[in-house]
């Protein structure tokens, strides 16, 4: 019985990874841009219907994954703070699978999703457990990873307030760090 449950879980993980890769490939192969009426654009894979709804579709909208991703034209506001190739938020919310994003990305997402663009450490922990079953169901060692990432990355700024310390995101530092990363599509130089 335990092996059967493990097999089901592994099949779910495989399906999620395949859907994630299929979406990424479809977006990089033949994207087209379609403007919507709210100052944002949708990147849509060929043959995929355009959606102007929320960035994270509900499962009934697209059970097999949706390749349309809303991206506001004005930069890092609104839904662009969310990871781009995220097909079904509910999958990670209810399945015990680690989300395919770095801690730094998730922390930034948690902070920028807050109405005041700041959160206490405890609020960041709560966001992780509310959004992802993986963090609800695993030992709290991930909390140490969050603390480590907050202190490691310069884009996370600790601000003292009368209620205690809150964390914010320094977008300039974030963009600076991103622009310093080498391109993934760059060809490595051959060795001797």
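Numbering (this note's numbering), first residue to last: 628 to 819.
From the three backbone atoms N, C-alpha and C, an ideal C-beta is built for every residue, glycine too.
None of these values were measured; they are calculated from a predicted model.
Proximity of residue i and residue j at Cβ, strictly below 8 Å
i: residue 734; j: residue 776; result: yes
i: residue 724; j: residue 646; result: no
i: residue 623; j: residue 760; result: Missing from the structure shown is residue 623; the chain here goes from 628 to 819 and no further.
i: residue 722; j: residue 787; result: no
i: residue 765; j: residue 731; result: no
Terminal residues of the beta strand (DSSP E) in which residue i lies
i: residue 783; result: 783-788
Limits of the unbroken alpha helix (DSSP H) element including residue i
i: residue 772; result: 768-779
Per DSSP, cross-strand counterpart(s) of residue i
i: residue 793; result: 786
Touching by the beta-carbon criterion (3+ pairs, under 8 Å), the segment 792-808 and the segment 743-760: yes
Those runs of the alpha helix (DSSP H) which lie wholly inside the segment 707-761 and span at least 4 residues: 716-721, 730-740, 748-758
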